[in-house]
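Okay, so the sequence shown: first residue is 0 according to numbering that gives the first Met the number 0, each after it adds one. Yeah, the Cβ is synthetic: ideal placement off N, Cα and C, and Gly gets one too. All remarks here apply to the structure that follows.
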Amino acid sequence: MTRRLFGTLCGLVFLVNLGRTAFAPLVETFQSEFGVGPATVGVVTTLVWVGTALPRIPVGYLLTRVPRHRVVLATGALLAAAAAFAASATSILMLQVGAFAIGIASGAYFVAAVPLVGELYPDAVGRTLGIHGTASQLAAVAAAPMAVLFLATASWRATFWVLAAGAAVVTLLVYATVRQMDGTPGAGADRNFAGALRHWRLILTGMLIVATAGFVWQGLFNFYVSYLVQAKSFTQNAASTMLTVVFAAGVPAFWISGSLADRLPRIPYLIAILAAYVASLFALTAVRGFVPVLLVTAILGYTIHSLFPALDAWLLGTLPEDVRGSAYAVFSGASLLLEANGSGAVGFLTGAGYGFDEVFRAFAGFLVVVVALLTVLYLSGRLPGAGDAPA
0 MTRRLFGTLC
10 GLVFLVNLGR
20 TAFAPLVETF
30 QSEFGVGPAT
40 VGVVTTLVWV
50 GTALPRIPVG
60 YLLTRVPRHR
70 VVLATGALLA
80 AAAAFAASAT
90 SILMLQVGAF
100 AIGIASGAYF
110 VAAVPLVGEL
120 YPDAVGRTLG
130 IHGTASQLAA
140 VAAAPMAVLF
150 LATASWRATF
160 WVLAAGAAVV
170 TLLVYATVRQ
180 MDGTPGAGAD
190 RNFAGALRHW
200 RLILTGMLIV
210 ATAGFVWQGL
220 FNFYVSYLVQ
230 AKSFTQNAAS
240 TMLTVVFAAG
250 VPAFWISGSL
260 ADRLPRIPYL
270 IAILAAYVAS
280 LFALTAVRGF
290 VPVLLVTAIL
300 GYTIHSLFPA
310 LDAWLLGTLP
320 EDVRGSAYAV
330 FSGASLLLEA
340 NGSGAVGFLT
350 GAGYGFDEVF
360 RAFAGFLVVV
370 VALLTVLYLS
380 GRLPGAGDAP
390 A
């Protein structure tokens, strides 16, 4: 039954992330459908990610009152309803509301489900989080081809009707599986939200790693096509191919990195991943030509996506059970709010006349400082959670 529950959660996270990533390939279609400009449609994609960030801390508090599996079920139901609402939108405002609701469902899902997944297999937290992340990443790779297929065979609305139907079916499967289990892991955990704040040093350490790397990542991938076209003289199609590669590299990254997080000392592994990410970012600003950029793009995508399961495995493996979900909610919510500003920073700096390569080199230089700080703190024994070893 544990395996069945894990399998249904992997199915649900695929749909959750598909909902977040399905809007971007349809931007041009939405402009034509609703007769609006790019700025108005841009609000749609922004609302998805704002919705993803906003509920995380409130849901963390909710988890002190409601078992995690019930919150997961609620997010699946909300995803189905929000996708159906978006599919039936007759105005851009309706579409924006649907996008925001899909974002809320996704943010609430991750806060409740990630600690739950970790507790299903406590002796292999990294591996299970890696598999769960792989299912999520497959949706990011599949979103654009699915959207193109439905545009060619039906309409953009079919993407969201399929999402709504899939979310409803998988949510019912999760419900049926939970009902057959004698007890759900973590059902009585996280009763002390205030207690989570006592682990502020651990939370801030995690944020130092992921919020800085994620800030740069948000700015990079949101402008990746424009960057390659303007700075590397790529065609639009070639640049779009590179964007697909950077996400596709995340599929094996989640799986492999999650398994390695169970076998290697977690803090040195995290620092090594972050250092490799910084090195690949520097390399990206230096290389020219299709093949060199392709190789660096694949390494860049692999390293940044390797960071996420490794960090989650370390954090969830270090936090005590009674505050695990609440502390993770605070960590992920605060981190995502900071990360979301990355694309705005890149847009502001390039708009002010700085070149993409200049901006990304400056970002990489800042991350060098972060890597150096983490290394010094680890070697001096002042990094919280540094004594944690893989199970």
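Candidates L61, G97, E27 and G346: closest to G18 by CA position: G97
Status (buried if at least 16 other CB within 10 Å, exposed otherwise) for S305: buried
Any alpha helix (DSSP H) of 4 or more consecutive residues that is wholly inside the segment 27-87: 37-52, 55-61 and 67-86
A388 versus T234: straight-line alpha-carbon distance, rounded: In this prediction, A388 scores a pLDDT of 48, lower than 50, which makes its location untrustworthy; the coordinate-derived value is nonetheless stated afterwards. Answer to the nearest angstrom: the Cα atoms are 47 Å apart.
Span of the alpha helix (DSSP H), counted from its first residue to its last, around H131: V124 to T152
Contact the segment 148-155 vs the segment 268-287: 3+ CB pairs below 8 Å: no
Supposed close pair V70, L62 - CB separation, criterion 8 Å: 6 Å
DSSP three-state assignment for V286, whether helix, strand or coil: coil
Whether G213 touches F362 by CB criterion (8 Å): no
Beta-carbon proximity of T302 to Y276, cut-off 8 Å: yes
Residue range of the alpha helix (DSSP H) that includes S232: That residue, S232, is in no alpha helix (DSSP H); it is neither H nor E in DSSP.
Same chain, Cβ closer than 7 Å to A286, five either side skipped, listed in chain order: In the sequence under discussion, the amino acid at residue 286 is Val, which differs from the Ala named in the question. Cβ neighbours of V286 beyond the five flanking positions: V292 and V295.
At least 3 beta-carbon pairs within less than 8 Å: the segment 121-137 vs the segment 246-264: yes
Beta-carbon proximity of P308 to G132, cut-off 8 Å: yes
Helix, strand or coil at R381 [DSSP, three-state]: coil
Cβ contact check for the segment 164-175 and the segment 6-18: 3 or more pairs under 8 Å: yes
Simplified DSSP state of S256, which is helix, strand or coil: helix
Cβ pair count under 8 Å reaching 3, the segment 102-118 against the segment 77-90: yes
C-beta atoms of V224 and L4 nearer than 8 Å: no
Segment contact flag, the segment 49-61 with the segment 322-330, C-beta cutoff 8 Å, min 3 pairs: yes
Element boundaries [alpha helix (DSSP H), containing V173]: W155 to Q179
Cutoff 7 Å; reference V393; Cβ partners in own chain excluding five residues on either side: Given that the chain is displayed from residue 0 to residue 390, the structure contains no residue 393 and the question cannot be resolved.
Inter-residue spacing [alpha-carbon to alpha-carbon] between F159 and A175: 24 Å
Sequence-distant residues of the same chain with beta carbon closer than 8 Å to T44, five excluded per side: F22, A23, V26 and A98
Check whether L299 and V245 have beta carbons under 8 Å apart: yes
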